[in-house]
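Trainee:
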Amino acid sequence: MCNEEYIALHREEDIRPLALRKAPEGVDMLWCLQQIEGWQLARRKLPRWAAVDGLWWPPRLSMEQCSSELTAEYKAEVAERVVADRDMMTDLTGGFGVDFCHLAPLFRRAEYVERQEVLCDVVRHNLPLLGIENTEVRMTPSGKDCSLIYIDPARRDDAGRKVYAIEDCTPDVAALQDELLRRATCVMVKLSPMLDITQALRTLHHVSEVHVVSVGGECKELLFVMQRDADAAPVYHCVNLGTSDEPFVCDGTRQPVATAVPREGQYLYEPNASIMKAGVQDMLAARHGLVKLHPKSNLFVADTRLELPARAFVISEVCDFSKQSLKRLRQEHPQANITLRNFPSTVNDLRRRLKMGEGGDTYIFATTLADGSHALLVCRKQ
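Per numbering that gives the first Met the number 0, the sequence shown starts with residue 0, numbered consecutively.
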(Lines of atoms letter the chains of each structure in order from A and count residues from 1; the text may use other names and numbers.)
(Lines give C-alpha, C1' and ligand atoms only; values in the text may rest on other atoms or scores of the structure.)
Protein backbone atom coordinates (compact mmCIF):
# COMPACT_ATOMS: atom_id res chain seq x y z
CA MET A 1 0.00 0.00 0.00
CA CYS A 2 1.27 3.50 -0.80
CA ASN A 3 0.70 6.72 1.16
CA GLU A 4 -2.00 7.99 -1.19
CA GLU A 5 -4.00 4.76 -0.91
CA TYR A 6 -3.78 4.78 2.88
CA ILE A 7 -4.90 8.42 3.08
CA ALA A 8 -7.86 7.82 0.74
CA LEU A 9 -8.90 4.78 2.77
CA HIS A 10 -8.77 6.46 6.19
CA ARG A 11 -9.20 10.21 5.72
CA GLU A 12 -12.69 10.24 7.26
CA GLU A 13 -11.46 8.52 10.44
CA ASP A 14 -10.25 9.85 13.79
CA ILE A 15 -6.45 10.02 13.63
CA ARG A 16 -5.99 9.17 17.32
CA PRO A 17 -6.82 5.45 17.04
CA LEU A 18 -5.08 5.37 13.66
CA ALA A 19 -1.88 6.59 15.31
CA LEU A 20 -1.88 3.52 17.59
CA ARG A 21 -1.98 1.05 14.72
CA LYS A 22 1.03 -0.47 13.06
CA ALA A 23 1.90 1.20 9.77
CA PRO A 24 1.30 -1.00 6.71
CA GLU A 25 4.36 -1.78 4.64
CA GLY A 26 5.26 1.11 2.35
CA VAL A 27 3.29 3.70 4.34
CA ASP A 28 4.89 6.74 6.02
CA MET A 29 2.51 6.85 8.97
CA LEU A 30 3.47 10.29 10.32
CA TRP A 31 3.05 11.88 6.89
CA CYS A 32 -0.29 10.16 6.30
CA LEU A 33 -1.66 11.19 9.70
CA GLN A 34 -0.63 14.80 9.00
CA GLN A 35 -2.40 14.68 5.64
CA ILE A 36 -5.58 13.14 7.07
CA GLU A 37 -5.75 15.66 9.90
CA GLY A 38 -4.97 18.55 7.57
CA TRP A 39 -7.70 17.56 5.14
CA GLN A 40 -10.22 17.20 7.97
CA LEU A 41 -9.40 20.72 9.21
CA ALA A 42 -9.52 22.07 5.65
CA ARG A 43 -13.06 20.78 5.08
CA ARG A 44 -14.29 23.41 7.55
CA LYS A 45 -11.75 26.18 7.02
CA LEU A 46 -10.81 25.77 3.33
CA PRO A 47 -13.66 23.79 1.72
CA ARG A 48 -12.69 24.61 -1.88
CA TRP A 49 -9.11 23.56 -1.26
CA ALA A 50 -10.26 20.36 0.44
CA ALA A 51 -12.03 19.46 -2.82
CA VAL A 52 -8.75 19.61 -4.80
CA ASP A 53 -7.13 16.21 -5.17
CA GLY A 54 -3.44 15.88 -4.39
CA LEU A 55 -2.89 18.94 -2.20
CA TRP A 56 -0.36 18.58 0.60
CA TRP A 57 -1.36 19.74 4.08
CA PRO A 58 1.14 21.25 6.54
CA PRO A 59 1.60 20.44 10.25
CA ARG A 60 -1.38 21.20 12.51
CA LEU A 61 -0.06 24.53 13.86
CA SER A 62 0.21 25.96 10.36
CA MET A 63 -3.34 24.80 9.59
CA GLU A 64 -4.63 26.45 12.75
CA GLN A 65 -2.80 29.72 12.05
CA CYS A 66 -3.66 30.06 8.36
CA SER A 67 -6.48 32.30 7.16
CA SER A 68 -9.86 30.89 6.27
CA GLU A 69 -11.18 31.10 2.71
CA LEU A 70 -13.60 33.87 3.75
CA THR A 71 -10.94 36.12 5.29
CA ALA A 72 -8.45 35.45 2.47
CA GLU A 73 -11.06 36.35 -0.14
CA TYR A 74 -11.78 39.54 1.75
CA LYS A 75 -8.10 40.54 1.71
CA ALA A 76 -8.04 40.00 -2.05
CA GLU A 77 -11.06 42.30 -2.42
CA VAL A 78 -9.28 44.98 -0.38
CA ALA A 79 -6.07 44.65 -2.42
CA GLU A 80 -7.99 44.80 -5.69
CA ARG A 81 -9.53 48.09 -4.59
CA VAL A 82 -6.55 49.87 -3.02
CA VAL A 83 -3.59 48.76 -5.19
CA ALA A 84 -3.58 50.51 -8.55
CA ASP A 85 -0.36 49.08 -10.02
CA ARG A 86 -0.56 45.28 -10.29
CA ASP A 87 3.02 44.52 -11.29
CA MET A 88 4.34 42.49 -8.34
CA MET A 89 3.36 41.50 -4.82
CA THR A 90 5.42 39.94 -2.05
CA ASP A 91 4.11 37.90 0.87
CA LEU A 92 6.89 38.11 3.46
CA THR A 93 5.33 35.60 5.87
CA GLY A 94 3.94 32.99 3.50
CA GLY A 95 2.95 30.24 5.95
CA PHE A 96 0.60 27.72 4.33
CA GLY A 97 0.00 30.24 1.55
CA VAL A 98 -3.78 30.75 1.80
CA ASP A 99 -3.59 34.54 1.71
CA PHE A 100 -0.83 34.39 -0.89
CA CYS A 101 -2.88 32.20 -3.22
CA HIS A 102 -5.81 34.61 -3.06
CA LEU A 103 -3.66 37.72 -3.58
CA ALA A 104 -1.23 36.43 -6.22
CA PRO A 105 -3.70 36.16 -9.15
CA LEU A 106 -4.26 39.93 -8.94
CA PHE A 107 -0.64 40.61 -9.94
CA ARG A 108 1.59 39.85 -12.91
CA ARG A 109 4.24 38.40 -10.60
CA ALA A 110 4.07 37.16 -7.02
CA GLU A 111 6.78 36.27 -4.51
CA TYR A 112 6.14 33.89 -1.61
CA VAL A 113 8.66 34.10 1.24
CA GLU A 114 8.79 31.65 4.15
CA ARG A 115 11.64 30.73 6.50
CA GLN A 116 10.42 27.15 7.09
CA GLU A 117 11.60 24.89 4.29
CA VAL A 118 8.82 22.34 4.91
CA LEU A 119 6.18 25.00 4.19
CA CYS A 120 8.04 26.12 1.07
CA ASP A 121 7.95 22.52 -0.18
CA VAL A 122 4.22 22.23 0.55
CA VAL A 123 3.39 25.48 -1.22
CA ARG A 124 5.66 24.73 -4.17
CA HIS A 125 3.77 21.45 -4.63
CA ASN A 126 0.31 23.02 -4.21
CA LEU A 127 0.60 26.09 -6.44
CA PRO A 128 0.18 24.27 -9.80
CA LEU A 129 -2.72 22.22 -8.45
CA LEU A 130 -4.46 25.45 -7.43
CA GLY A 131 -3.78 27.07 -10.80
CA ILE A 132 -1.52 29.79 -9.37
CA GLU A 133 1.05 30.88 -11.95
CA ASN A 134 3.93 33.39 -12.28
CA THR A 135 5.09 32.85 -8.70
CA GLU A 136 8.43 32.40 -6.98
CA VAL A 137 8.86 30.49 -3.71
CA ARG A 138 11.79 31.67 -1.60
CA MET A 139 13.14 31.31 1.93
CA THR A 140 14.54 34.85 1.88
CA PRO A 141 13.04 37.92 0.15
CA SER A 142 14.51 39.12 -3.13
CA GLY A 143 14.43 42.73 -1.98
CA LYS A 144 12.76 43.88 -5.19
CA ASP A 145 10.43 46.85 -5.21
CA CYS A 146 6.80 45.86 -5.59
CA SER A 147 3.24 47.13 -5.67
CA LEU A 148 2.09 45.33 -2.53
CA ILE A 149 3.78 43.78 0.47
CA TYR A 150 1.62 41.52 2.61
CA ILE A 151 2.84 40.56 6.08
CA ASP A 152 1.31 38.48 8.85
CA PRO A 153 3.80 38.49 11.76
CA ALA A 154 4.04 35.37 13.91
CA ARG A 155 2.26 35.96 17.21
CA ARG A 156 4.23 33.54 19.38
CA ASP A 157 7.48 34.13 21.28
CA ASP A 158 10.46 31.79 21.43
CA ALA A 159 8.74 29.76 24.17
CA GLY A 160 5.61 29.31 22.07
CA ARG A 161 3.50 31.72 24.12
CA LYS A 162 1.00 33.96 22.36
CA VAL A 163 1.91 37.64 22.04
CA TYR A 164 -0.16 40.53 20.69
CA ALA A 165 1.89 43.76 20.71
CA ILE A 166 3.30 44.67 17.31
CA GLU A 167 6.83 44.96 18.70
CA ASP A 168 6.64 41.45 20.21
CA CYS A 169 5.64 39.72 16.97
CA THR A 170 8.07 38.31 14.40
CA PRO A 171 9.02 40.19 12.33
CA ASP A 172 8.58 43.51 14.14
CA VAL A 173 6.57 45.57 11.65
CA ALA A 174 7.06 48.70 13.76
CA ALA A 175 10.81 48.53 13.19
CA LEU A 176 10.47 47.58 9.52
CA GLN A 177 7.65 49.85 8.39
CA ASP A 178 9.74 52.62 6.84
CA GLU A 179 11.75 50.10 4.83
CA LEU A 180 8.56 48.29 3.78
CA LEU A 181 7.02 51.52 2.50
CA ARG A 182 10.21 52.33 0.59
CA ARG A 183 9.91 48.99 -1.21
CA ALA A 184 6.15 48.98 -1.81
CA THR A 185 3.53 51.62 -2.45
CA CYS A 186 1.08 49.63 -0.30
CA VAL A 187 1.65 47.40 2.72
CA MET A 188 -1.08 45.21 4.24
CA VAL A 189 -0.47 44.01 7.79
CA LYS A 190 -2.56 41.31 9.44
CA LEU A 191 -2.56 41.51 13.23
CA SER A 192 -4.24 39.86 16.20
CA PRO A 193 -7.88 40.71 17.01
CA MET A 194 -6.69 41.10 20.62
CA LEU A 195 -4.55 44.11 19.69
CA ASP A 196 -5.62 47.56 20.85
CA ILE A 197 -6.39 49.49 17.65
CA THR A 198 -5.68 52.92 19.13
CA GLN A 199 -2.24 51.79 20.29
CA ALA A 200 -1.56 50.18 16.91
CA LEU A 201 -2.33 53.46 15.14
CA ARG A 202 0.19 55.21 17.37
CA THR A 203 2.79 52.65 16.33
CA LEU A 204 2.12 52.28 12.59
CA HIS A 205 2.58 55.19 10.16
CA HIS A 206 0.68 56.11 7.00
CA VAL A 207 -2.31 53.89 7.80
CA SER A 208 -5.09 54.65 5.32
CA GLU A 209 -7.57 51.91 6.33
CA VAL A 210 -8.29 49.74 9.35
CA HIS A 211 -10.29 46.58 8.68
CA VAL A 212 -11.88 44.75 11.58
CA VAL A 213 -12.80 41.33 10.22
CA SER A 214 -15.31 39.06 11.94
CA VAL A 215 -16.69 35.73 10.76
CA GLY A 216 -20.11 34.67 11.98
CA GLY A 217 -20.06 37.27 14.74
CA GLU A 218 -16.57 36.47 16.08
CA CYS A 219 -13.72 38.93 15.53
CA LYS A 220 -10.95 37.02 13.74
CA GLU A 221 -8.32 39.53 12.60
CA LEU A 222 -7.29 43.13 12.14
CA LEU A 223 -5.97 44.32 8.79
CA PHE A 224 -4.05 47.60 8.54
CA VAL A 225 -3.52 49.10 5.07
CA MET A 226 -0.47 51.37 4.90
CA GLN A 227 0.16 53.58 1.87
CA ARG A 228 3.08 55.90 1.18
CA ASP A 229 0.94 58.96 0.55
CA ALA A 230 -1.58 58.40 3.36
CA ASP A 231 -1.59 61.38 5.72
CA ALA A 232 -5.23 61.65 6.84
CA ALA A 233 -7.06 59.78 9.59
CA PRO A 234 -7.71 56.16 8.57
CA VAL A 235 -11.07 54.90 7.39
CA TYR A 236 -12.57 52.07 9.43
CA HIS A 237 -14.12 49.06 7.67
CA CYS A 238 -16.11 46.77 9.97
CA VAL A 239 -17.21 43.52 8.33
CA ASN A 240 -18.96 40.39 9.57
CA LEU A 241 -18.32 37.73 6.94
CA GLY A 242 -20.65 34.80 6.55
CA THR A 243 -23.66 36.82 7.71
CA SER A 244 -26.16 39.24 6.20
CA ASP A 245 -24.57 42.20 8.03
CA GLU A 246 -23.67 45.03 5.67
CA PRO A 247 -20.11 46.40 6.07
CA PHE A 248 -19.97 49.54 8.18
CA VAL A 249 -17.49 52.14 6.93
CA CYS A 250 -16.70 55.40 8.73
CA ASP A 251 -13.82 57.81 9.29
CA GLY A 252 -13.67 57.34 13.05
CA THR A 253 -14.71 60.90 13.89
CA ARG A 254 -16.40 60.84 17.30
CA GLN A 255 -20.08 61.73 17.24
CA PRO A 256 -22.28 62.75 20.18
CA VAL A 257 -25.14 60.36 20.89
CA ALA A 258 -27.96 61.20 23.30
CA THR A 259 -29.03 58.86 26.10
CA ALA A 260 -32.60 57.80 26.85
CA VAL A 261 -34.64 55.61 29.17
CA PRO A 262 -35.75 52.42 27.35
CA ARG A 263 -39.47 51.78 26.87
CA GLU A 264 -41.62 48.78 26.14
CA GLY A 265 -42.10 48.36 22.39
CA GLN A 266 -38.81 49.97 21.41
CA TYR A 267 -36.19 48.18 19.35
CA LEU A 268 -32.93 47.35 21.09
CA TYR A 269 -29.72 47.10 19.03
CA GLU A 270 -26.40 45.54 19.97
CA PRO A 271 -23.70 46.33 17.33
CA ASN A 272 -21.73 43.40 15.97
CA ALA A 273 -18.28 42.36 17.17
CA SER A 274 -16.35 44.27 14.48
CA ILE A 275 -18.06 47.57 15.26
CA MET A 276 -17.52 47.09 19.00
CA LYS A 277 -13.85 46.18 18.48
CA ALA A 278 -13.29 49.24 16.30
CA GLY A 279 -15.02 51.41 18.91
CA VAL A 280 -17.21 53.09 16.28
CA GLN A 281 -20.61 52.14 17.71
CA ASP A 282 -21.46 55.80 18.37
CA MET A 283 -20.82 56.58 14.70
CA LEU A 284 -23.29 53.85 13.76
CA ALA A 285 -25.81 55.28 16.20
CA ALA A 286 -25.40 58.87 14.96
CA ARG A 287 -25.76 57.79 11.34
CA HIS A 288 -29.04 55.96 12.01
CA GLY A 289 -30.59 58.15 14.70
CA LEU A 290 -30.18 55.71 17.59
CA VAL A 291 -29.93 56.73 21.24
CA LYS A 292 -27.97 54.82 23.86
CA LEU A 293 -28.91 53.66 27.30
CA HIS A 294 -25.64 54.66 28.97
CA PRO A 295 -22.32 56.01 27.68
CA LYS A 296 -20.62 52.70 28.54
CA SER A 297 -23.35 50.13 27.91
CA ASN A 298 -23.11 49.97 24.10
CA LEU A 299 -26.81 49.19 23.83
CA PHE A 300 -28.94 51.41 21.62
CA VAL A 301 -32.67 51.91 21.09
CA ALA A 302 -34.93 53.28 18.37
CA ASP A 303 -38.68 53.42 17.80
CA THR A 304 -38.46 51.72 14.40
CA ARG A 305 -37.00 48.52 13.00
CA LEU A 306 -33.79 49.24 11.10
CA GLU A 307 -31.49 47.01 9.05
CA LEU A 308 -28.22 47.42 10.91
CA PRO A 309 -25.03 45.39 11.42
CA ALA A 310 -26.31 44.55 14.90
CA ARG A 311 -28.42 42.07 16.81
CA ALA A 312 -31.98 43.41 17.00
CA PHE A 313 -34.62 42.85 19.68
CA VAL A 314 -38.01 44.22 20.70
CA ILE A 315 -38.27 45.28 24.35
CA SER A 316 -41.30 43.63 25.91
CA GLU A 317 -40.62 44.84 29.45
CA VAL A 318 -38.23 47.03 31.45
CA CYS A 319 -37.87 45.45 34.88
CA ASP A 320 -36.26 46.80 38.07
CA PHE A 321 -34.58 44.71 40.77
CA SER A 322 -37.30 44.80 43.43
CA LYS A 323 -38.20 41.44 45.00
CA GLN A 324 -41.71 41.61 43.55
CA SER A 325 -40.41 42.30 40.04
CA LEU A 326 -37.86 39.49 40.15
CA LYS A 327 -40.42 37.01 41.51
CA ARG A 328 -42.90 37.83 38.76
CA LEU A 329 -40.13 37.72 36.12
CA ARG A 330 -39.02 34.20 37.04
CA GLN A 331 -42.63 33.00 37.12
CA GLU A 332 -43.32 34.37 33.64
CA HIS A 333 -39.94 33.35 32.19
CA PRO A 334 -38.61 30.12 33.75
CA GLN A 335 -35.72 30.23 31.25
CA ALA A 336 -33.99 32.94 29.23
CA ASN A 337 -30.81 33.91 27.40
CA ILE A 338 -29.03 36.39 29.66
CA THR A 339 -26.50 39.01 28.55
CA LEU A 340 -24.70 41.54 30.76
CA ARG A 341 -23.66 44.95 29.46
CA ASN A 342 -22.05 47.44 31.86
CA PHE A 343 -23.48 45.55 34.83
CA PRO A 344 -21.68 44.65 38.10
CA SER A 345 -22.15 40.89 38.14
CA THR A 346 -21.61 37.74 36.11
CA VAL A 347 -24.11 35.80 34.03
CA ASN A 348 -23.91 32.79 36.38
CA ASP A 349 -24.44 34.90 39.50
CA LEU A 350 -27.38 36.73 37.96
CA ARG A 351 -28.90 33.48 36.72
CA ARG A 352 -28.71 32.04 40.26
CA ARG A 353 -30.27 35.20 41.66
CA LEU A 354 -33.10 35.03 39.15
CA LYS A 355 -33.44 31.23 39.57
CA MET A 356 -33.87 31.04 35.83
CA GLY A 357 -32.88 28.29 33.40
CA GLU A 358 -30.87 28.80 30.24
CA GLY A 359 -32.24 29.01 26.68
CA GLY A 360 -35.68 29.63 25.25
CA ASP A 361 -37.05 32.52 23.20
CA THR A 362 -36.66 35.20 25.86
CA TYR A 363 -33.58 37.42 25.93
CA ILE A 364 -32.74 39.44 29.03
CA PHE A 365 -30.16 42.24 29.04
CA ALA A 366 -28.91 43.30 32.46
CA THR A 367 -27.48 46.78 32.13
CA THR A 368 -26.92 50.18 33.71
CA LEU A 369 -29.06 53.11 32.57
CA ALA A 370 -27.96 56.71 32.13
CA ASP A 371 -29.10 57.71 35.64
CA GLY A 372 -26.95 54.95 37.18
CA SER A 373 -29.84 52.61 37.99
CA HIS A 374 -29.80 48.95 37.00
CA ALA A 375 -32.46 47.37 34.81
CA LEU A 376 -33.40 44.11 33.18
CA LEU A 377 -34.59 44.48 29.59
CA VAL A 378 -36.82 41.58 28.66
CA CYS A 379 -36.73 41.16 24.88
CA ARG A 380 -37.75 39.09 21.88
CA LYS A 381 -35.22 38.60 19.12
CA GLN A 382 -36.01 40.02 15.66
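Here a beta-carbon is modelled for each residue, glycine too, at the ideal position from N, C-alpha and C.
Keeping to the same chain, check which residues put their C-beta closer than 8 Å to that of K295; ignore five residues upstream and five downstream.
Mentor: Counting only Cβ-Cβ distances below 8 Å, and skipping sequence neighbours, we find N341, T367.
Trainee: With C-beta atoms as the reference, is L179 less than 7 Å away from I131?
Mentor: Not a contact, by the Cβ cut-off of 7 Å.
Trainee: Note down the Cα distance separating S439 from N297, rounded to an integer number of angstroms.
Mentor: Given a span of 0 to 381 for the chain in the structure shown, any question on residue 439 remains unanswerable.
Trainee: Do Y163 and M193 have their C-beta atoms within less than 7 Å of each other?
Mentor: Cβ distance < 7 Å, so Y163 and M193 count as in contact.
Trainee: Restricting to Cα atoms, I'd like to know which of S66, M28, A50 is closest to W38.
Mentor: With distances taken between Cα atoms, W38 lies closest to A50.
Trainee: By the three-class DSSP mapping on this structure, what secondary structure does N271 have?
Mentor: Of the three classes helix, strand and coil, the one that applies to N271 here is coil, per DSSP.
Trainee: Sorted by chain position, which residues of the same chain lie with C-beta nearer than 6 Å to N133's C-beta, five sequence neighbours on each side aside?
Mentor: Once the five neighbours on either side are set aside, the close Cβ partners of N133 are R108.
Trainee: By Cβ distance below 7 Å, which residues in the same chain neighbour P152 in space, the five residues on each side in sequence not counted?
Mentor: Taken in chain order, the residues that qualify are T92, C168, T169, P170, V172.
Trainee: Under the three-state reduction of DSSP, which class applies to A301: helix, strand or coil?
Mentor: Strand at A301.
Trainee: Starting from Q393, trace the alpha helix (DSSP H) both ways and give me its first and last residue.
Mentor: Limits of the chain in this structure are 0 at one end and 381 at the other, which puts residue 393 out of reach.
Trainee: Among L349, P57, V224, G356, whose alpha-carbon lies nearest the alpha-carbon of L375?
Mentor: When only C-alpha atoms are compared, the closest one is L349.
Trainee: For K161, which of helix, strand or coil comes out of DSSP?
Mentor: Correct three-state label for K161: strand.
Trainee: First and last residue of the beta strand (DSSP E) that includes R137?
Mentor: Run containing R137: 134–137, per the beta strand (DSSP E) assignment.
Trainee: Starting from E76, trace the alpha helix (DSSP H) both ways and give me its first and last residue.
Mentor: Looking at the DSSP string, the run of the alpha helix (DSSP H) that includes E76 is 68–81.
Trainee: Determine which residues share a DSSP beta bridge with R108 and list them.
Mentor: Partner(s): M87.
Trainee: Could you compute how far the alpha carbon of L32 sits from the alpha carbon of G359?
Mentor: Cα to Cα, L32 sits roughly 42 Å from G359.
Trainee: Suppose only complete runs of 4+ residues qualify. What are the alpha helix (DSSP H) ranges in the stretch 328–365, listed by chain order?
Mentor: With a minimum length of 4 residues, the continuous alpha helix (DSSP H) runs that stay inside the stretch 328–365 are 346–353.
Trainee: Taking a contact to mean a Cβ-Cβ separation below 7 Å, would you say G94 touches S61 in this structure?
Mentor: Yes.
Trainee: Specify, as a first and last residue, the run of the alpha helix (DSSP H) that S146 falls within.
Mentor: From DSSP, S146 is part of no alpha helix (DSSP H) but of the beta strand (DSSP E) over 145–150.
Trainee: Within this structure, are the beta carbons of Q176 and H204 separated by less than 7 Å?
Mentor: Closer than 7 Å, so yes.
Trainee: So which of L283, E24, R20 has the shortest CA-CA distance to M0?
Mentor: When each option's Cα is compared against that of M0, the closest is E24.
Trainee: Beta carbon of Y111, beta carbon of V82: below 7 Å?
Mentor: Not a contact, by the Cβ cut-off of 7 Å.
Trainee: Let me know if T70 comes out buried or exposed under the rule of 16 or more other beta-carbons within 10 Å of its beta-carbon.
Mentor: When all chains shown are included, T70 counts as buried.
Trainee: Taking T242 as the reference, which of A309, G264, I196 has the closest Cα?
Mentor: Ranking A309, G264, I196 by Cα distance to T242 puts A309 first.
Trainee: Note down the Cα distance separating G371 from N347, rounded to an integer number of angstroms.
Mentor: Their Cα atoms are separated by approximately 22 Å.
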